[in-house]
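Student: Sharing a structure with you now.
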Amino acid sequence: MAAAANPEDVIEYAPMEPEAVLRCHRRRVSEFSQFSELDRFELPEVSRLLEQDEGSEGGHALPSTPQDESYDPLEDELVDQVINREESTGDLDFSQMAHNAIEHAEELVHKAEEFAHKVWAAGTRLVSFHALPPWAQDNDYIHKSHRAPMPSFYACFRSIFYIHTETVNIWTHLLGCIGFVIIATYFLTRPSIEIDYQEKVVFSCFFAGAIVCMGASFIFHTVGCHSKRVLRLFSKFDYCGISLLIVGSFIPWLYYGFYCSFVPKVIYLTCVICLGSACMVVSLVDKFGEPEYRSLRAGLFLGFGLSGVVPAVHYLYSEGWFNSVPLTAVGWLALMGALYVAGALLYAFRVPERWFPGKCDIYFQSHQIFHVLVVAGAMVHYHGVSEMAMHRLTNGECSSEQHLVL
Ligand SMILES: [Zn+2]
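Below you can see the structure in the form of structure tokens.
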């Protein structure tokens with residue numbers, strides 16, 4: 015209960031802040047009904063106001079409330095006059111007003127459509143190679159239909175849905191990425207009696223490499239026209255994705271190829287991870303993404319991929335050169351390698367647009383063919399490694415001596 019107040023305390027309430035005074039004035043007297051009889055007795059001002067409030071009909075607000083202060087009899091009279099005049103002359107035609115409102119709304123919708131069309135047209139502006147800023151100029155054999163720089167991620171992602179120089183590059187790796195997400199989901203959700211936990215972990219490295227590589231490539235080609243900073247950043251992700259795909263491709267085939275040979279398996283896996291890490295570090299250098307280093311990029315990733323020849327020869331030697339199963343598995347790997355090599359060479363030499371400048375602006379650019387070959391190579395690799403896994407798993411467990419075989 016509140017401490018008892020004396021009349022001197024009431025005087026102390028008087029010097030309140032202006033806002034507090036206004037708040038008090040806005041309250042109804044009835045709100046003070048919570049005061050106990052003792053409070054009424056001890057706070058004579060409150061008692062007086064309560065008596066006034068209780069005596070009035072319906073508890074009106076205090077005379078000093080803003081509601082009363084804002085009342086303007088002149089304005090009220092004016093409104094009254096207007097309504098009376100409209101009613102007396104019959105000018106208040108609601109159907110006409112509704113018609114006007116509809117016409118106005120239609121006009122607004124039309125203007126909004128025009129505005130949206132202009133924004134769309136500005137966002138879809140396609141320019142020639144020479145109209146691009148230097149940072150966006152990459153391949154001078156592609157003459158027209160380049161997206162103009164558009165520093166908006168929304169505009170960049172919207173460009174997925176219209177035709178320009180990057181459309182096929184975007185879709186090839188977007189569809190490849192979706193394809194591998196579906197395959198990985200199917201593979202990893204098989205019951206453990208069908209595919210056991212260890213196989214799933216090993217294959218996951220490959221799936222992760224493929225999905226990250228194609229996903230990063232799709233994003234890079236989509237947002238590459240945003241700005242110089244964004245282009246540089248996402249080109250690094252794109253190159254790191256290629257390294258991850260190569261590392262991810264090596265892991266399952268080294269695992270099954272040297273299933274019972276622990277030492278070579280560990281040595282090769284260590285080498286692959288070190289080489290992959292080195293490639294990623296090189297990819298992070300700003301100069302690495304510039305057009306004049308195109309051949310260096312192709313050479314680096316090609317060299318890394320072809321280093322797989324060493325364990326492949328070792329595998330054939332240890333399994334027997336003319337044993338049909340290893341030959342088939344290596345055959346698939348060789349096909350995968352051929353697809354990657356072809357793609358990398360086309361990419362490095364910019365064929366066929368070099369031979370047909372300006373004719374491959376939308377379709378059949380070297381980069382598009384390279385993308386398709388990467389997707390095909392990854393699919394072939396998945397098939398080849400699956401066969402190796404089946405062969406290993408049907409052969410049963412390794413003997414303890416086999417783990418020491420070099
Ligand atoms: Zn690409």
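If you're matching positions, the sequence shown starts at 15 in our numbering and goes up one per residue.
Positions of the beta carbon are idealized from the N, C-alpha and C atoms, including for glycine.
1. Cβ atoms of Ala312 and Tyr361: under 7 Å apart, would you say?
2. Less than 7 Å between C-beta atoms, sequence neighbours within five positions excluded: which residues of the same chain meet that for Cys170?
3. Under the criterion of a Cβ to heavy atom distance below 6 Å, does Ser309 qualify as lining ligand 1?
4. From Leu298 to Arg308, what distance separates their C-alpha atoms?
5. Confirm the yes/no value for this check: CB of Ser297, any heavy atom of ligand 1, distance under 6 Å.
6. Kindly indicate the opening and closing residues of the alpha helix (DSSP H) around Lys242.
7. For Leu314, does the three-state DSSP call read helix, strand or coil?
8. What is the C-beta distance between Trp149 and Leu268, in whole angstroms, given that I count them as a contact (C-beta under 8 Å)?
9. Is Pro32 helix, strand or coil by DSSP?
10. Return helix, strand or coil for Arg40, following the three-state DSSP convention.
11. Where does Pro21 land, buried or exposed, given buried means 16+ other C-beta within 10 angstroms?
12. Just how far apart, CA to CA, sit His395 and Ser206?
13. Tell me the DSSP secondary structure of Val295 in three-state form.
14. At which residue ranges does the segment 349-392 contain complete beta strand (DSSP E) runs of 3 or more residues, listed in the order of the chain?
15. Have a look at the DSSP bridge pairing and note the partners of His160.
16. Measure the C-alpha to C-alpha separation of Gly372 and Ala392 and round it to an integer number of angstroms.
17. Give a single yes or no on whether Ser241 has its beta carbon closer than 6 Å to a heavy atom of ligand 1.
Tutor: Let me spell this out:
1. Taking the first residue of the sequence shown as 1, we reach residue 361 at position 347. Taking the first residue of the sequence shown as 1, we reach residue 312 at position 298. Cβ distance < 7 Å, so Tyr361 and Ala312 count as in contact.
2. Residue numbering aside, residue 170 sits at position 156 when the sequence shown is read from its first letter. Non-local beta-carbon contacts of Cys170 in its own chain, meaning distances under 7 Å to residues more than five positions away in sequence, involve Met164, Thr236, Val237, Cys239, His240 in chain order.
3. By one-based count along the sequence shown, residue 309 stands at place 295. For Ser309, the shortest C-beta to heavy atom distance toward ligand 1 is 6 Å or greater.
4. Along the sequence shown, read from residue 1 onward, the residue named residue 298 stands at position 284. Along the sequence shown, read from residue 1 onward, the residue named residue 308 stands at position 294. Rounded to whole angstroms, Leu298 and Arg308 show a C-alpha spacing of 15 Å.
5. Within the sequence shown, residue 297 is the residue found at index 283, counting from 1. No, ligand 1 has no heavy atom inside 6 Å of this Cβ.
6. If you number the sequence shown from 1, residue 242 lands on position 228. Element bounds for Lys242: 242-271.
7. Along the sequence shown, read from residue 1 onward, the residue named residue 314 stands at position 300. Looking at Leu314 - three-state DSSP - the assignment turns out to be helix.
8. Working through the sequence shown from its first residue, we reach residue 149 at position 135. Working through the sequence shown from its first residue, we reach residue 268 at position 254. That pair is no contact at about 40 Å.
9. The sequence position of residue 32 within the sequence shown is 18, counting from 1. Here the model assigns Pro32 a pLDDT of 46, short of 50, so the residue's position is not dependable and the matter cannot be decided.
10. Numbered from its first residue, the sequence shown carries residue 40 at position 26. With a pLDDT of only 43 at Arg40, under 50, the local geometry of the prediction cannot be trusted, and the value read off the model is given with reservation. Arg40: helix per DSSP, three-state reduction.
11. Within the sequence shown, numbered from 1, the residue matching residue 21 stands at position 7. Caution applies to Pro21, whose pLDDT of 40 falls short of 50 and renders its modelled position unreliable; the model cannot decide the point.
12. As a first step, residue 395 is located in the sequence shown; it is residue number 381 there, counting from the start. As a first step, residue 206 is located in the sequence shown; it is residue number 192 there, counting from the start. Approximately 23 Å, taken between the alpha carbons.
13. Working through the sequence shown from its first residue, we reach residue 295 at position 281. Here Val295 sits in helix by DSSP.
14. Those beta strand (DSSP E) runs which fall completely within the segment 349-392 and span 3+ residues do not exist here.
15. Your numbering for residue 160 matches position 146 in the sequence shown. Residue pairing from DSSP places His160 in a beta bridge opposite Val141.
16. The residue you call residue 372 lines up with position 358 of the sequence shown. The residue you call residue 392 lines up with position 378 of the sequence shown. Distance between the alpha carbons of Gly372 and Ala392: 30 Å.
17. On the sequence shown, residue 241 is found 227 positions in, with the first residue counted as 1. Remark: the C-beta of Ser241 is outside contact range of ligand 1, defined as less than 6 Å to any heavy atom.
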